[in-house]
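Notes follow once the structure below has been shown.
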Amino acid sequence: MMRVTMLKKRASEREHLSFEESQPSGDRVGLRPPLKWAGGKRWQLPELRERWMSHQHCRLVEPFCGGLAVALGLMPLRALLNDVNPHLISFYQWLKRGLSIEIPRENTPSCYYRNRVRFNELVATGQADSAETAALFYYLNRTGYNGLCRFNRQGQFNVPFGRYANIGYMNGEDFFQYRSVFEPFEFTSLDFEAIPLEIGDFVYADPPYDVEFRQYSKDGFGWEDQQRTAEWLSRHPGPVVLSNQATARIKKLYKKLGYNLTPLTAPRLISCTGDRTPAQEVLATRNL
Ligand SMILES: C[S@@+](CC[C@H](N)C(=O)[O-])C[C@H]1O[C@@H](n2cnc3c(N)ncnc32)[C@H](O)[C@@H]1O
Numbered sequence: 590m591m592r593v594t595m596l597k598k599r600a601s602e603r604e605h606l607s608f609e610e611s612q613p614s615g616d617r618v619g620l621r622p623p624l625k626w627a628g629g630k631r632w633q634l635p636e637l638r639e640r641w642m643s644h645q646h647c648r649l650v651e652p653f654c655g656g657l658a659v660a661l662g663l664m665p666l667r668a669l670l671n672d673v674n675p676h677l678i679s680f681y682q683w684l685k686r687g688l689s690i691e692i693p694r695e696n697t698p699s700c701y702y703r704n705r706v707r708f709n710e711l712v713a714t715g716q717a718d719s720a721e722t723a724a725l726f727y728y729l730n731r732t733g734y735n736g737l738c739r740f741n742r743q744g745q746f747n748v749p750f751g752r753y754a755n756i757g758y759m760n761g762e763d764f765f766q767y768r769s770v771f772e773p774f775e776f777t778s779l780d781f782e783a784i785p786l787e788i789g790d791f792v793y794a795d796p797p798y799d800v801e802f803r804q805y806s807k808d809g810f811g812w813e814d815q816q817r818t819a820e821w822l823s824r825h826p827g828p829v830v831l832s833n834q835a836t837a838r839i840k841k842l843y844k845k846l847g848y849n850l851t852p853l854t855a856p857r858l859i860s861c862t863g864d865r866t867p868a869q870e871v872l873a874t875r876n877l
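The numbering used here numbers the first residue of the sequence shown as 590 and each following residue consecutively.
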């Protein structure tokens, strides 16, 4: 039987969750991203910190926040964190409120597929924003294959069991630590173009890679979306950092719009097929 409760007491600090590499703004201490998420940019933090240092007073806006590696690494004093994936954002909103979860959490195929059915039932019956759905989303993310978030045409989560030897699930106390860290963060689930940007926002945009056949959520992100992203970012008068795969057409697009380009080599590329080939990436920046 599932029970979800709001924790009322403040949890003690637990070192294993702190994000050692983070050099937070002010005295705020970062935490590790709570989920596995494809395309995580923790490895870019040294490059990003250099650009962020002189803009720490700004609100950080991530139109494609994904697993939060960047926000939790930079630890801004204010942030607007957006992602079109509503389950991801609902989970973060629950962490911000304080979420303690008690659902069956065994690392077995039978438990996994029962929880997957329950998650899909809740979504299909209009309960996608419930705490139970958020709890199940966390469990499915940690237990499913490669942390993937994939839906079929009927909108059902269909990622198979992950077959991990061991999984360190966070407990209610672990989750409770995100409350204070997320307190100055606002979470929205919109298409990026609908985000209410403010003039001085520092925007870090990490859209899905420009490669074919990659889908991060049930809606694909095609070349037109890449162009839409570049043009939307170009209208922003504040600092902008864009990260993407360094395909010829991406470099051409951002160069044409007057961005400065810095090549980066990603430590690895995690694809849906488990391919881990190093990838050439690019940072396109303006107004820095
Ligand atoms: C490369 S991931 C971001 C990873 C993130 N920077 C991190 O470090 O974990 C791209 C994200 O863009 C989101 N996304 C896709 N289409 C979008 C859209 N139209 N508007 C906003 N977010 C979108 C996906 O759900 C995915 O989480």
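Using N, Cα and C, we set each Cβ at its ideal position, and we do this for glycine too.
Here the structure is a predicted model, which means the values were calculated and not measured.
The stretch 680 to 691 makes no contact with the stretch 784 to 799, as fewer than three CB pairs between them are under 8 Å. For ligand 1, no non-hydrogen atom lies closer than 7 Å to the CB of Phe680. When rounded, the separation of the alpha-carbon atoms in Gly736 and Ile756 is 12 Å. Sequence-distant Cβ neighbours of Leu624 in its own chain, meaning closer than 6 Å and more than five residues away, are Gly656, Asn730. Placement of the Cβ of Val659 at a distance of less than 7 Å from at least one heavy atom of ligand 1 is found. By the Cβ test, the stretch 812 to 829 is in contact with the stretch 838 to 853, since at least three Cβ pairs between them sit closer than 8 Å. Here Thr714 carries a coil assignment [DSSP, helix/strand/coil]. For Glu639, the uninterrupted alpha helix (DSSP H) segment begins and ends at 634 to 641. Residue environment analysis places Gly751 among the buried positions, since at least 16 neighbouring C-beta atoms fall within 10 angstroms of its C-beta.
Excluding residues up to 5 positions away in sequence, Pro665, Ala668, Phe791 lie with their Cβ nearer than 6 Å to the Cβ of Leu649 in the same chain. In terms of Cβ geometry, Leu877 and Arg640 form a close pair [threshold 8 Å]. Within its own chain, the residues whose Cβ lies closer than 6 Å to the Cβ of Glu775, once the five positions on either side in sequence are excluded, are Leu669, listed in chain order.
Residue pairing by DSSP places Asn849 opposite Thr874 in a beta bridge. With a threshold of 7 Å, the Cβ atom of Trp626 counts as near ligand 1, since some heavy atom of the ligand is closer than that. Per DSSP, reduced to three states, the secondary structure at Val706 is helical.
Using a cutoff of 7 Å, the CB of Pro785 does not count as near ligand 1, since none of the ligand's heavy atoms is closer than that.
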